[in-house]
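Residue numbers (the working numbering): -13 to 1002.
Input: a single structure, listed below in C-alpha cells.
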C-alpha cells in the first residue's frame, strides 16, 4: 500500500480548512442530499463528502458509511487532494496503491472508487466528493462530468455554509456585509418587511439576469411567484434550523430558475430585514432529471420497495420483462410474483436487506403474465434513513439458457467423433477432447504437448507454416499426419482457426477428422480406376480393332450371317467403351480432378462444331437437324471441348429418341445476363416424375428403350456436372408425347467474373497507367485474348501482327516488355531479338517468347522467359510480373509490429525476388528512411509510439515521400482514415481478407505502376 502523499501546499491548505470552521460540525441537509443524489445516480452503495485535515479524513456527509472519520495515510481521498483531476480506481485489487489497503482487504472491501477534489473559497483542495462501490466498474465521460457537477454543488454548499456563518458574525458591520454580498458566488438578496428590495449582489444578478438598478426599490414578490416570499419570511421568523427551501425564481427573460434558499431575519438599525442566500439548482435539477431518465430508460429492472415487502416505485423494464401492468405489480406483495419454490429464500433475503445487509447476485425466478418463467439476478441495499430498499435486477433467462446450451455443446464436443484441440499462440495445448486422447492411446489424457499429438514433420509445419498463416489470415485447412497408439500414424484433415477469448487473448482451435480410411479407400479406388483404364481399355481396343478389320474384309469375304454377328459384336464393343469412358469421366469430374481449360469462345462456333459431330448419326436415323442462332452472340469463357461434349450428348439423345422423319432443333440466344442453348426434339417425351431422375447416374426413363438406343445412363449426369463447373445450369422441360427441351445456361463474362474468387476487400486508389507491353502475335484471337488479359491486370498493352510492324513500334516507342511469337508471316521473331540486343536504347528491354513450337532456345540475355502455347491466364500474368521486375531488384520496407505477420509478408515478397527490410515500429522505420530509400513500403496502422497516421504525415519530410505505400491493416478504416493515410500512390489491403497471392500481386503491381509512371 502506498500512503497518501502530502501536497506541497499542505500547510496553507490546512489553514484554509480550519478557517472554514466546518470540521466536526453537525450534518448539513443540503450536503446530505448531494451524497444521496450521487449514490442514486451512480447506483453505488456509498457516497461521501470528506475533509482531510492533518492526521485524518473526516466525513462531513456520508451515505452508506457508518464511520465518521478514518486515518489520512490509508485514505483514498488523501491521494485525490494532491491534484486537480478526479481519481478513478476501477478495481482497487489491481491498483498497486490500494490492493492491500485495510478497506480493500477488510470490510467494506472497496473495489471501485471515484473522487474529485472539493475546493474552499480560496481554491485550496480541502477534501473530496467520492463514490464507492463493492464491485469493479468504470465511469464513462458523461458520468465523470456528472461527478464534477455534484462536486461543484457541494463546494457551493460548503462555501454557502461558511458565508452564512461569516455573514452572521459580521451583521454589525454594514460595510462588511455589503462587501460580502458583492464577493460571494451565491445569490444574495436583502429586503425589508414591506418586501422592498434593499440590495442585491452580483451572484443573484447572474442567476436571474437582472441588473442591480432594475431590482433595488422594487418588490421582491415579483421574483417569487405565489406565496414563495411569504413562506421564506415566515420560516425565517421562527429562528428554527430548517433545510434550505427549493423554489422557482422568476428570471428577467421570463423563464424560471430552480433555486435553493436560506433566509435569516435581522434587526438592523431597529428595522426588520431579511437576508436570503440563493443557490442556482439548474445543474442539480438537470442531474435529477437525467437520473430519472436513466431510471425510466434502463434495460435493467430498477425498483424501490418498503420494508414490508411491497414495491413503492418500478421502472418500465418490470412491465416489459414480467408482462404485468405496473399498477398491478404495485398492488400485491413482492412474494406473490415469485415462484413458490423460491419464496422462502426471497423472504429471508428481503429481511436481511431490511436489517442493513447488502445483497449481490441473488437469483430467484418470477412467473410472467403468459406463464413463462424468468430468472432474475438482484443487487439491493436499504437506506437507513428512509428505511426504503433500493434494488436492481437483470433478466438472465437467456444467459442461463445459453450457459446450459454451451455446457451441452461442450459435452457434445468432448464426446464428438471429431478430433478437437485448442492451444495458445505458442502452441501449448489448452484442451484436447476425449476422442483425440483415446486415439493417441491409453493414458494419453494427461499433459499432452504438440509433439505428442503430431508427427515430427507435422509439428514442424504447425510451428513454422500453419500457425503463422492462421495468425495472419485467420484460418488454414489441409491434411497432416498425427501420432496414434502403438507408434502408428494417422492422416487427418484439419481446420485451424484463430480465436480470441473473452479477455482478448488470442489462440488457435483445431477441428479435424481422421481420413486414414478414406485415404486408403481413395488409394484403392485410384488403383481400381487405373486397372479399369489399363486392363479393360487395352483389350477392348484390340477387340474393336480386330472386329473392324474382320468387318472390313481383312479375313476375306464373310458370309451374311457371320457379318451380322460381327456387326452385333462391334456395336456392343462400342457401347462398352462408351460406358467405361463415361464412368471414368464422371468420376474425374465429381472428384474435382477434372480441370477446365477456359478461354473466351464464340458460342455459334461451338454449336456448329457440335452439329457437325452428329450429322452422320442424324442421317442414319433419318432425323433433320435445324439451327436457330441469335445474332451477334458475345464471347463466353468456357472449356470448348467440354461444352462441345455437353451439346453433342444432348443432340445424340434427341436424335436417338426421335422417330424417322422428325426434326431436332438447336437454338442459341442471349437472355438477361446469360447465354442459353436449347436442344429440342419431338419424340416420346419424359414423364414429369422422371424429369430430375434422368440426371442421376445410370438413370433411364425406360431401360429397355435406352438399351435399344445404345445409352449408358451417364451422359446427362456428366453434362449437368460440366454445366455446374462453368457456373451454369442444365435443365429439362418435357411432357409425354410432346417431346423434350434441354436448356444449357451459361453466364456471360461479367457474371463469370462475379463467380470467380475476388480479392477480399482489396480497395485501391487509382493507379497510374501500367507498364507498356508490346504483343507481337499474328493469331488475331490469341492476340485479342492476351491484350484483354493484360489490360484487365492494369497494363498498357498493344498488339502487332508482323515482324515489320514490331520493328516500327519498338524503334519509335520503347516498350517495357515485349511478348514475341517466333513464327511470323514476314520473318522469324529471333531476328527482332538480335536487332533489339544490338541497339543501346533497346538492349535492356526484356523479351518473353510465346511460341507454339518446340525450338532451340538461344542464350540471349534479353529473353527472360519462354512460354509454350497453349498458355494459361495465371501463368502469363505471373511470367509478366517476373519479367518486369527481373532486370532490377526491388527493395520493400515492411513496417509491422507483429513479428509473425512481418515474417510471413517478408517470406512472400522474398519468394518473388524482392529484398525486404523489416521494422517493428513507425519511429524505427522513419529512422531507417534517413539512410535507405526503398522502392515500396508496406505499412500497418496500429503501431507503437508512432502509428500509421503519424508515419504518413512525417513521411512527407523524407526523401521517400513519393514511394508507393501499401497500407496493410486489420483495422476497418473509415473514409476519414483513408484520407489521412493517402499520400501519393497509396493502396489499401485488409488483413484476413487478402491471400498471400493477392498481397504479393498488389505489391508487384504497385511497383510496376510506380516505375512506369516515373519512366515516362
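We put the CB at the ideal spot given by N, CA and C, even for glycine.
From a predicted model like this one, the values you see are computed outputs, not experimental measurements.
Minimum Cβ-Cβ distance from residue i to chain C less than 9 Å
i, result
"residue 940", "Protein chains in the displayed structure number just one, and chain C is not present."
Check whether residue i and residue j have beta carbons under 9 Å apart
i, j, result
"residue 774", "residue 963", "no"
"residue 407", "residue 463", "no"
"residue 316", "residue 298", "yes"
"residue 190", "residue 264", "yes"
"residue 350", "residue 331", "yes"
"residue 866", "residue 759", "yes"
"residue 203", "residue 187", "no"
"residue 1003", "residue 929", "Given a span of -13 to 1002 for the chain in the structure shown, any question on residue 1003 remains unanswerable."
"residue 636", "residue 705", "yes"
"residue 804", "residue 772", "no"
"residue 302", "residue 312", "yes"
"residue 98", "residue 30", "yes"
"residue 786", "residue 762", "yes"
"residue 222", "residue 250", "yes"
"residue 622", "residue 595", "no"
In DSSP terms, what residue i is bridged to
i, result
"residue 781", "Note: residue 781 sits in no beta bridge, so no partner."
"residue 816", "Beta-bridge pairing links residue 816 to no other residue."
"residue 73", "101"
"residue 297", "291"
"residue 1044", "Because the chain spans -13 through 1002 in this model, residue 1044 falls outside it and cannot be assessed."
"residue 346", "365"
"residue 380", "363"
"residue 479", "465 and 499"
"residue 582", "The partner list for residue 582 (beta bridge, DSSP) is empty, contrary to what the question assumes."
Residue range of the alpha helix (DSSP H) that includes residue i
i, result
"residue 944", "Note, residue 944: premise wrong, no alpha helix (DSSP H); not H, not E."
"residue 609", "From DSSP, residue 609 is part of no alpha helix (DSSP H); its letter is neither H nor E."
"residue 891", "885 to 897"
"residue 333", "326 to 340"
"residue 223", "214 to 224"
"residue 798", "That residue, residue 798, is in no alpha helix (DSSP H); it is neither H nor E in DSSP."
"residue 959", "Segment: none, residue 959 is in no alpha helix (DSSP H) and carries neither H nor E."
"residue 642", "626 to 642"
"residue 196", "Neither: residue 196 is in no alpha helix (DSSP H) and is coded neither H nor E."
"residue 1", "-4 to 6"
"residue 733", "Not the alpha helix (DSSP H): residue 733 falls in the beta strand (DSSP E), residues 726 to 733."
"residue 915", "Looking at the DSSP string, residue 915 is not in any alpha helix (DSSP H), and its letter there is neither H nor E."
"residue 974", "That residue, residue 974, is in no alpha helix (DSSP H); its beta strand (DSSP E) goes 972 to 976."
"residue 455", "453 to 459"
Residue range of the unbroken beta strand (DSSP E) whose run includes residue i
i, result
"residue 407", "405 to 410"
"residue 207", "Residue 207 -> no beta strand (DSSP E), and no H or E assigned at all."
"residue 701", "Element bounds for residue 701: not the beta strand (DSSP E) but the alpha helix (DSSP H), 701 to 711."
"residue 663", "660 to 667"
"residue 184", "183 to 186"
"residue 34", "32 to 38"
"residue -13", "Run containing residue -13: none; DSSP gives neither H nor E here."
"residue 834", "833 to 837"
"residue 43", "42 to 49"
"residue 177", "173 to 178"
Cβ separation of residue i and residue j, assumed to be a contact under 8 Å, to the nearest whole Å
i, j, result
"residue 709", "residue 632", "7 Å"
"residue 273", "residue 497", "Not confirmed; about 53 Å, so no contact."
"residue 610", "residue 649", "4 Å"
"residue 881", "residue 892", "That belief does not hold up - the Cβ atoms of residue 881 and residue 892 are roughly 12 Å apart, past 8 Å."
"residue 112", "residue 37", "6 Å"
"residue 1025", "residue 106", "Because the chain in this structure spans residues -13 to 1002, residue 1025 falls outside the shown range and cannot be described."
"residue 87", "residue 60", "6 Å"
"residue 713", "residue 735", "With a Cβ gap of about 11 Å, residue 713 and residue 735 do not count as contacting."
"residue 374", "residue 368", "7 Å"
"residue 923", "residue 989", "No, residue 923 and residue 989 are not in contact; Cβ-Cβ is about 10 Å, not under 8 Å."
"residue 878", "residue 851", "Wrong, their Cβ atoms sit about 23 Å apart, outside the cutoff."
"residue 321", "residue 333", "6 Å"
heavy atom of the ligand FAD below 8 Å from residue i C-beta
i, result
"residue -3", "The ligand FAD is not part of the structure shown, which contains no ligands of any sort."
Alpha helix (DSSP H) runs wholly inside the stretch 218 to 286, at least 4 long, in chain order: 268 to 283
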